[in-house]
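Take a look at the structure set out below.
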Amino acid sequence: MKCITNCCYCYADREGFRGRPEFDLTFFTKLLREMKKCGMETIDISGGDIFCRRDAFDLIECAFEEGMHIDIPTKYPLSKQQIEHLAKLGLSSIQISIDANRPEIIDMLVAKEPGYGMKILKTIDDLGEAGLQVRTNTVLTPYNIHEAPNLARYLAKKPHVFKSNFTCYERSLYWHNDSLFCCVEDISKFENEFNEIKAEFPHKKMNFDGALGNPYSGSQTERPDAFQKRILCTANRRGFVVLPDGRATICEEIYLHESFILGDLNRQSLMEIWSSPKALQLARPEQGLVPDGPCKDCSDFSHCHEGRGRCVRETLKAYGYTHIGRTRVVRGRRLEIEWDNKSKPSSQVNLY
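This is how it looks when you write it as structure tokens:
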């Protein structure tokens, strides 16, 4: 959960992990071997930034020694020596998060100190010189969306940047700020320019999904169609997330919420957690166990879980991250839920 930047749009619960222990190389090696026995081939790193760990290169080397592919996103301004080390280890590609091709805009959005923007732009070039392929990710806010077409063209012209992904800022649980939403007019203008650039570089993978709408809003006739087209949720269905302390949760954005902690890999095996009663109950809850509320008698209950799934993260965004009887303060915003005597939300909204 450590990071070299301080992004204004960050969604991570970094404060929640301050002072907590992190797993070591021995734990990581054991986990890799368990994964390999289960037929897994890929590790996705998220956070936080792996290169903020002193043993980052040991972890990467260990993954390769076990025959695993490791998917690394970073905002760390790597030196030429570090990049050469990665190339020697066998890393072929890496994701760099970059929000502009103007250093001053980058510094404003993500930097803890001036000069970061120049360093991360140089890192992208140095990766290409070392023979590594680069994919990029850009978060659009009102502060960089007008310059984003320039960034898209800048990246498309680089031979070693094979994929560029642009996404609009979204609401998050921990660091949310309404001022970071892009307006409809700016999004539309960017999309038009982006599509023109994309047509100029048909050999490059360039993606922009637009602003994600709320699938639960709209009229009674619009909502059923939006429900059918909702985003697929893979949490606790295709995998789970290992937290820095070794515990497992269903989603990387839910972190330490006790209701969704599946187990502890310091004491349990990977398959014990994956097939545990709690994991199975969360994946396929029994409708008969649902307390009073809209889900109790809903005819779409099975479809909601067995189809594309339901996003617990979005539920928490809408109704709060509080534990029973407590209020959580998130960056100056007070999120509250009133609880009745039966210890459930008085609004009758539940997480089933």
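Residues 179 to 530 in our numbering are what the sequence shown spells out, letter by letter. The beta-carbon is built from N, C-alpha and C at its ideal position, and this holds for glycine as well. Remember, predicted model here, so these are calculated numbers, not experimental data.
May I ask you to check if the CB of Asn315 is nearer than 7 angstroms to at least one heavy atom of the ligand PLP? Because no ligand of any kind appears in the structure shown, any question about the ligand PLP cannot be addressed here.
Rounding to the nearest angstrom, what Cα-Cα distance links Gln465 and Ser350 in this structure? 29 angstroms
Just to confirm, is the Cβ distance from Ser271 to Arg313 under 8 angstroms? yes
DSSP puts Pro251 in a beta bridge; with which residues? Gln273
Hey, out of Leu333, Thr220 and Cys429, whose CA is closest to Thr493's CA? Considering only alpha carbons, the answer is Cys429.
Count the other C-beta atoms from every protein chain shown that fall within 10 angstroms of the C-beta of Ala381, then say buried if there are 16 or more, exposed otherwise. Reading the sequence as shown, one finds His at residue 381 and not Ala. Result: exposed.
Buried or exposed: which applies to Asp303, given that a residue is buried once 16 or more other Cβ atoms fall within 10 Å of its Cβ? Looking at its Cβ environment, which holds fewer than 16 other Cβ atoms inside 10 Å, Asp303 is exposed.
Paired residues, beta bridge with Asn370 - DSSP: Per DSSP, none; premise fails for Asn370.
Per DSSP, the bridge partner or partners of Asp442: Paired residues: Arg425.
Report yes or no: is there a C-beta of chain B within less than 8 angstroms of the C-beta of Arg445? Looking at the structure shown, chain B is missing, and only one protein chain is on hand.
Figure out for me which residue from Pro251, Pro292, Ala241 and Pro255 has the closest Cα to the Cα of Leu267. For the set Pro251, Pro292, Ala241 and Pro255, the Cα lying nearest the Cα of Leu267 is the one of Ala241.
Jot down the residue ranges of each uninterrupted alpha helix (DSSP H) in the region 313–386, minimum 4 residues, whole runs only, in chain order. Runs of the alpha helix (DSSP H) inside the region 313–386: 326–334 and 362–378.
Proximal residues to Gln398 (C-beta, below 8 angstroms), its chain only, five neighbours per side dropped: none
Return the residue from the list Leu318, Tyr294 and Phe340 that minimises the CA-CA distance to Arg311. According to the sequence as given, residue 311 is Gln; it is not Arg. Among Leu318, Tyr294 and Phe340, the Cα nearest to that of Gln311 belongs to Phe340.
Taking the continuous alpha helix (DSSP H) assigned at Ile451, which residues delimit it? Leu448 to Trp452
Start-end ranges of the alpha helix (DSSP H) lying completely within the region 181–247, minimum 4 residues: 203–215 and 234–243
In the DSSP assignment, find the alpha helix (DSSP H) that holds His481 and state where it starts and stops. Phe479 to Glu484
Using the rule of at least 16 other Cβ atoms within 10 Å of the residue's Cβ for burial, across every protein chain shown, is Arg504 buried or exposed? Confidence at Arg504 is low in this model, with a pLDDT of 36, below 50, so the placement of that residue should be treated as unreliable; the coordinate-derived value is given next. Exposed, because fewer than 16 other Cβ atoms sit within 10 Å of the Cβ of Arg504.
Report back the beta-carbon spacing between Asn532 and Pro255 to the nearest angstrom; my notes put them in contact at under 8 angstroms. Residue 532 cannot be examined here, being either before or after the span of the chain that is shown, 179 to 530.
Does the contact criterion of 3 or more C-beta pairs under 8 angstroms hold for the region 402–416 versus the region 481–493? yes
For Phe299 and Ser342, I'd like the C-alpha separation in whole angstroms. According to the sequence as given, residue 299 is Leu; it is not Phe. The alpha-carbon atoms of Leu299 and Ser342 are separated by roughly 15 angstroms.
Euclidean distance between Cα positions of Leu458 and Asp403: 28 angstroms
Suppose contacts are defined by Cβ-Cβ distances below 8 angstroms. Is Leu421 in contact with Tyr433 by that definition? yes
Straight-line CA distance for Arg511 to Ala308? Confidence is the limiting factor: at Arg511 the pLDDT is only 37, short of 50, which leaves the residue's position unreliable, though a coordinate-based value still follows. Roughly 45 angstroms separates the two Cα atoms.
Count Cβ pairs between the region 436–453 and the region 211–222 that sit closer than 8 angstroms; are there 3 or more? yes
Suppose contacts are defined by Cβ-Cβ distances below 8 angstroms. Is Asp551 in contact with Pro199 by that definition? With the chain running from 179 to 530 in the structure shown, residue 551 is simply not present.
Among Asn385, Asp285 and Phe359, which has the Cα closest to the Cα of Arg331? Asn385
Might you give, ordered along the chain, the residues of its own chain that have their beta carbon closer than 8 angstroms to the beta carbon of Ile283, omitting 5 neighbours on each side? Asp277, Gly295, Tyr321, Asn322 and Glu325
Near Tyr347, what residues of its chain come up, given a Cβ to Cβ distance below 7 angstroms and the 5 sequence neighbours on each side ignored? Tyr187, Val317, Leu318, Thr319, Leu358, Phe359 and Cys360
Buried versus exposed call for Gly293 [16 or more other C-beta atoms within 10 Å across all chains shown]: Under a 10 Å Cβ-count criterion, Gly293 is classified as exposed, with fewer than 16 other Cβ atoms of the shown protein chains found around its own Cβ.
Buried or exposed: which applies to Ala426, given that a residue is buried once 16 or more other Cβ atoms fall within 10 Å of its Cβ? Note on Ala426: 16 or more other CB atoms within 10 angstroms of its CB, so buried under the neighbour-count rule.
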